[in-house]
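Shown next, in structure tokens, is the structure this report addresses.
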Amino acid sequence: MVCYYTKLYMEIRHVFFEKKSKIFKFFFGKSLILGCAGLFLMFSFGFQAWWGFWAHRRINRLAVFRLPPGMQYFYKKHIDYLTENAVNPDRRRYAVVGEAERHFIDLDVYGDSASVLPKFWPAAVKKIGEDSLRKHGIVPWHIQTACFQLTEAFKDKDPKRILSISADLGHYIADANVPLHTTRNYNGQLTKQDGIHAFWESRLPELYAVDYDLWIGQATYVDNVSEAVWTAVNRAHAASDSVFLLERQLSESFAHDKKFSYEPRNNVLVRTYSEDFSRAYHERLKGQVQRQMRSSVEMVGNLWFTCWINAGQPDLSEMNNFSFNETDKKAEAAEQRSWWRRLLHIRSESEY
Ligand SMILES: [Zn+2]
């Protein structure tokens, strides 16, 4: 979730860096780039982040309670880490090369051949080419990669890697279950429904998720990870039709000034979808947002559990005494600062 700005960023990057427009560069130069970066920060870490990030954190947190006794002590002990770091992939998405495309896949770009896309990365690269794949998003393949990495971390009994990869994996799984992360019309920009992305994944959960039933039973083993991931992505994509259709139909029966309202966010009045419009849309979706959030919680727990089984069920009690020490915390904070620095192209003092 929260990845509309990922694509927006990629489009702007395309204009400024790949097209290398001399006119843009001459007149606006770095100041505009910094300005854009500032805007992204505002959107990413301001009101937008607040709501979309909430869902990611909630999904990771609830998934912990689905784990079997052999995993639960370790995961519960670090539940705050898994919750807080559920949003790391979004925090670094503009700063780390190769991160942005891990959050989505534009299935409709592939047309009828989407159903026969190679399920595994090497075959997909061979058939379509890596550049093209990355351009249109790689979330179903990257989830499989993260599962492999988590299994290896379990085999190595490496608590830091287990936790960090678990947190990231939860994020990508949640993204893969959002219909608007599976279409090139990710924000309704092709159908004059701009803003629908944050509406669906941020505004609606903000208003209604408190009533969602997201408690699911114990995690189950997934025999075929690839198939499970692709089934989830295809199901999310199949839901995208109704996301657009129902919004369009409802908009026709709503006066424009009733569709939107202004609400305070971080002491700033922002235009958002009105509560009346949100409620009517949410009802028409017939539980779709809840279903997709449940699928996310279900799949996160199942895949954490599956990786642990595939690693031979290592005894996690050997890591009971593990906790992040001050050096770890400082390193983590430094890494997060480096994402900001790279985003803003700010040099550290040591580089002067
Ligand atoms: Zn994301």
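If you count by this note's numbering, then the sequence shown holds residues 41 to 392, one letter each, in order.
Where is the CB? At the ideal position from N, CA and C, for every residue including glycine.
Residues that DSSP places opposite Arg305 in a beta bridge: Its beta-bridge partners are Val308.
Sub-9 Å separation of Lys197 and Pro354 beta-carbons: Cβ distance < 9 Å, so Lys197 and Pro354 count as in contact.
Alpha-carbon spacing of Lys232 relative to Lys200, whole angstroms: Computed Cα separation, rounded: 45 Å.
Beta-carbon contacts of Ile284 that lie in its chain and below 8 Å, excluding the five residues immediately before and after: Per the sequence presented here, residue 284 reads as Phe, with Ile not at that position. These residues qualify, in order along the chain: Asn225, Gly228, Thr231, Gln233, Ile236.
Local conformation of Phe194 per DSSP, three classes: DSSP places Phe194 in helix when its eight states are reduced to three.
Bounding residues of the alpha helix (DSSP H) (the contiguous stretch that carries Ile145): Annotation: Ile145 is outside any alpha helix (DSSP H) and is labelled neither H nor E by DSSP.
His176: CB within 8 Å of a non-hydrogen atom of ligand 1: Outside the cutoff, so no.
Where Tyr226 falls: helix, strand or coil (DSSP): In the three-state reduction of the DSSP assignment, Tyr226 falls in the coil class.
Range of the contiguous alpha helix (DSSP H) that encloses Phe345: Where Phe345 is concerned, the enclosing alpha helix (DSSP H) stretches over 328-350.
Per DSSP, cross-strand counterpart(s) of Phe300: Bridge partners of Phe300: Tyr313.
Endpoints, alpha helix (DSSP H) assigned at Lys159: For Lys159, there is no enclosing alpha helix (DSSP H), as DSSP marks it with neither H nor E.
Beta-carbon separation (whole angstroms), Ile99 vs Gly177, contact threshold 8 Å: A Cβ-Cβ separation of about 20 Å leaves Ile99 out of contact with Gly177 under the 8 Å criterion.
Alpha-carbon spacing of Phe188 relative to Asp152, whole angstroms: Rounded to the nearest angstrom, the two C-alpha atoms are 29 Å apart.
Proximity below 9 Å, CB of Asp215 to CB of Val179: Result yes, Cβ atoms of Asp215 and Val179 sit closer than 9 Å.
Close beta carbons around Ala351, own chain, < 7 Å, minus the five adjacent residues each side: Thr191, Phe194, Lys195.
Nearest residue (CA-CA) to Pro108, options Gly257, Gly169, His221, Val310: Of the candidates Gly257, Gly169, His221, Val310, the one whose C-alpha sits nearest the C-alpha of Pro108 is Gly257.
Contact test: Pro129 Cβ vs ligand 1 heavy atom, cutoff 8 Å: Pro129: yes, Cβ under 8 Å from ligand 1.
Under the three-state DSSP convention, the category Ser84 falls into: Bear in mind that the predicted position of Ser84 carries a pLDDT of just 40, short of 50, making it unreliable; the figure below should be weighed with that in mind. Annotated three-state conformation of Ser84 is helix, per DSSP.
C-beta contact flag for Ile145 and Thr260 at 9 Å: At least 9 Å separates the beta-carbon of Ile145 from that of Thr260.
beta-carbon Tyr212 near ligand 1 non-hydrogen atom, thresh 8 Å: Set against 8 Å, the gap from the CB of Tyr212 to the closest heavy atom of ligand 1 is smaller.
Whole-angstrom distance between Lys167 and Val250, CA atom to CA atom: Separation of Val250 and Lys167 (C-alpha to C-alpha, rounded to the nearest whole angstrom) is 44 Å.
Simplified DSSP assignment, three categories, for Val137: Residue state, collapsed to three classes: coil.
Reduced DSSP category for Ala295 - H, G, I as helix; E, B as strand; rest coil: In this structure, Ala295 counts as coil in the three-state DSSP scheme.
Classification of Ser155 by the beta-carbon crowding that lies within 10 angstroms, buried from 16 upward: The residue is exposed, with fewer than 16 neighbouring Cβ atoms inside 10 Å.
Alpha-carbon to alpha-carbon, His296 and Val273: In this structure, the straight-line span from the alpha carbon of Val273 to that of His296 is close to 33 Å.
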